[in-house]
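Numbering (the working numbering), first residue to last: 357 to 629.
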């Protein structure tokens, strides 16, 4: 794959992979599982491929040719973005902001939903996840609300960690969700018959909203950064969201190319030119 053509995105915009697509791999999937394990480590600094890696991880027990083709697309995307990585910078803000999204009933085999979230501390991406939900959701609002509960749990842990580090935050964590019903459920104190089965998640989120630790707000899907963790996106939207995750090439080279990078900004008479 070192000489392959690069791919602009790690996953296409088609439906999710099925466990029955294609033929079983002849080697029993040994190479497939080895590559998937390596890609899982890469997601520590490449959050933009988290969803694509999550999709191929779901088929490690019986990988097929279609799954291996999806894996090779991720490798082609990495081939064209070898120098990309997560950037952390000094930020004047210390607010916790989270984005959460869910792709309702997206799994073609189990009809479970995929949840995704990302959490920022100021301008820096601090935590992210792309994961299939453990149970089936009977509506998109339920799937989205389970995603809200997951990210609220994550932000509570981060708030406690900041408290232990003696840099507590007194401002409520702002959680952005693009589902109006899920936003309404987070602040409406009235229980409904259709929401009794997710009552635990509802009470968990509302308790933190009441305490002033969390505020759930609506955001249009066009600005929902967490979409990159739940589905394949077209190139323009994927690129915008990847930039929002602070995944980009280094601004200054550290492998002997420093002078080359800055020479364009120097005057023609500078001794380095």
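Just so it is clear, CB atoms sit at the ideal spot from N, CA and C, and this is done for glycine as well. Values in this document were obtained by computation on a predicted structure and should not be read as measured data.
- For residue 503, the enclosing alpha helix (DSSP H) covers residues 496–520.
- Distance check between residue 455 and each of 576, 374, 605, 392 places 576 closest, using alpha-carbon atoms only.
- The region 359–369 and the region 425–437 touch, with three or more beta-carbon pairs separated by less than 8 angstroms.
- In the DSSP assignment, residue 432 falls outside any beta strand (DSSP E) and within the unbroken alpha helix (DSSP H) covering 421–436.
- Taking 8 angstroms as the upper bound for CB-CB distance, residue 388 and residue 381 are in contact here, some 6 angstroms apart.
- Setting aside the 5 residues that flank it on each side, residue 424 is surrounded in the same chain by 381, 388, each with a C-beta closer than 7 angstroms to its C-beta; the list follows chain order.
- Within the same chain, and ignoring the five residues on either side of residue 518 in sequence, the residues whose Cβ sits closer than 7 angstroms to its Cβ are 524, 525.
- Across the structure, residue 474 and residue 427 are spaced so that their CA atoms are roughly 23 angstroms apart.
- Distance from the CA atom of residue 422 to the CA atom of residue 451, rounded to whole angstroms, is 42 angstroms.
- Its chain contains no residue whose beta carbon lies nearer than 6 angstroms to that of residue 390 once the 5 sequence neighbours on both sides are disregarded.
- Between residue 573 and residue 540, the C-beta spacing is not below 8 angstroms.
- Residue pairing for residue 456: DSSP places it in a beta bridge opposite 473, 533.
- By the Cβ test, the region 491–506 is in contact with the region 463–480, since at least three Cβ pairs between them sit closer than 8 angstroms.
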